[in-house]
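Below is one structure, written out as structure tokens; comments come after it.
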Amino acid sequence: MDLTDLMNSLNQYSPQTNQIMEAMAGALRPTGLILIGIFFLIELVERTSELKLEGGTMTPRLFGEIAFYYLIAFLLVWQFDIVLDATIELGNALQKIADKVVPAKEVDTAINLDGVKGYWMKTAMNAIGGFTHYISGIVIKVTMMLRYYQIYIAGVLGPVIVAFFVNRSLRSIAINFLKLIGAYALQGLVVLVIVRLYPYIVTDSILQLNDMGAWDSFKHAFSSIARGIIFIMLVVGSGRYSKSIMGVS
Numbered sequence: 005m006d007l008t009d010l011m012n013s014l015n016q017y018s019p020q021t022n023q024i025m026e027a028m029a030g031a032l033r034p035t036g037l038i039l040i041g042i043f044f045l046i047e048l049v050e051r052t053s054e055l056k057l058e059g060g061t062m063t064p065r066l067f068g069e070i071a072f073y074y075l076i077a078f079l080l081v082w083q084f085d086i087v088l089d090a091t092i093e094l095g096n097a098l099q100k101i102a103d104k105v106v107p108a109k110e111v112d113t114a115i116n117l118d119g120v121k122g123y124w125m126k127t128a129m130n131a132i133g134g135f136t137h138y139i140s141g142i143v144i145k146v147t148m149m150l151r152y153y154q155i156y157i158a159g160v161l162g163p164v165i166v167a168f169f170v171n172r173s174l175r176s177i178a179i180n181f182l183k184l185i186g187a188y189a190l191q192g193l194v195v196l197v198i199v200r201l202y203p204y205i206v207t208d209s210i211l212q213l214n215d216m217g218a219w220d221s222f223k224h225a226f227s228s229i230a231r232g233i234i235f236i237m238l239v240v241g242s243g244r245y246s247k248s249i250m251g252v253s
């Protein structure tokens, strides 16, 4: 199974979409910077009021510490595209490292009709198996597409959402957003692990029952169909699993 697209950078996967994302993010970047400036002024007012109540004043050192904190946030918003690309590239690097140590083995979701008798029964089972095989191939393509699509959306919203990090009441939103990006990067590795381990773990011998009674002649066909269904479930669930690891829903 070709996983080349899974390890592409944002620009490699869709150069035009990446350009649009960068243009939209650039348009929203001033909003994020303005938010940081507003939050900075609010914190200065709050800190000054707290110090006055305690009989103190704003010292240059304290002002410098607060300003430095906001300067870091300013740079993160200004260069969020670099942060996003670096996160995805880290995920891609981990995928390439893991992919090198496990020999690629084709995921077999083709139906086995051994033992199935009767033209109509073979036709029906073959149709079900063929549909499952087709869907399993489509699912992994769609999963890759949705993953990149969500990353592109995050790239557009990032300059605004990351600005929330400097505000105590909104910080959790920014943290969850960054975790979500980490989950998208991790999902690529999860899908790779699923595809590489699946042929070795899920086999006909594991899925077959010793005695299926009147349905015994269908055991090979049923196990083949079950393999395809399990593969689809694993790939579809890769996003949810990655998010659970990163602690986001």
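So in the working numbering, the last spot in the sequence shown is 253, and the numbers never skip.
Note that CB positions come from ideal geometry on N, CA and C, so glycine has one too.
Backbone secondary structure at residue i - three-state DSSP
| i | result |
| --- | --- |
| glutamate 58 | coil |
| glycine 162 | helix |
| valine 197 | helix |
| arginine 172 | coil |
| glutamine 83 | coil |
| serine 140 | helix |
| threonine 21 | helix |
| asparagine 12 | coil |
| serine 53 | helix |
| threonine 63 | coil |
| serine 253 | coil |
| leucine 7 | coil |
| glycine 243 | helix |
| valine 146 | helix |
| valine 105 | helix |
| methionine 237 | helix |
Exposed unless 16 or more other CB atoms sit within 10 angstroms - verdict on residue i
| i | result |
| --- | --- |
| glycine 41 | exposed |
| leucine 10 | buried |
| glycine 68 | exposed |
| arginine 231 | buried |
| leucine 190 | buried |
| alanine 27 | exposed |
| threonine 61 | exposed |
| arginine 175 | exposed |
| serine 173 | exposed |
| phenylalanine 168 | buried |
| methionine 25 | buried |
| alanine 77 | buried |
| isoleucine 90 | Correcting the residue type first, residue 90 is alanine in the shown sequence and not isoleucine. Under this definition alanine 90 is an exposed residue. |
Whole-angstrom C-beta distance between residue j and residue i, which should lie under 8 Å
| i | j | result |
| --- | --- | --- |
| tyrosine 202 | serine 18 | That pair is no contact at about 27 Å. |
| alanine 72 | asparagine 171 | For clarity, residue 72 is phenylalanine in the given sequence; the question names alanine instead. So it is not a contact: roughly 17 Å between Cβ atoms. |
| glutamine 204 | isoleucine 155 | Looking at the sequence provided, one finds tyrosine at residue 204 rather than glutamine. Going by Cβ atoms, the distance from tyrosine 204 to isoleucine 155 rounds to 30 Å, so no, they are not a contact pair. |
Any non-hydrogen atom of the ligand FAD closer than 7 Å to residue i Cβ
| i | result |
| --- | --- |
| alanine 97 | Among the components modelled here there is no ligand, and therefore nothing to report on the ligand FAD. |
Tell me whether the segment 237–246 and the segment 181–195 touch, counting them as touching only if at least three CB pairs, one residue from each stretch, are closer than 8 Å. yes
Can you find at least 3 beta carbon pairs, one from the segment 80–89 and one from the segment 156–165, that sit closer than 8 Å? yes
Inter-stretch contact (C-beta, 8 Å, three-pair minimum) for the segment 231–238 and the segment 174–185: no
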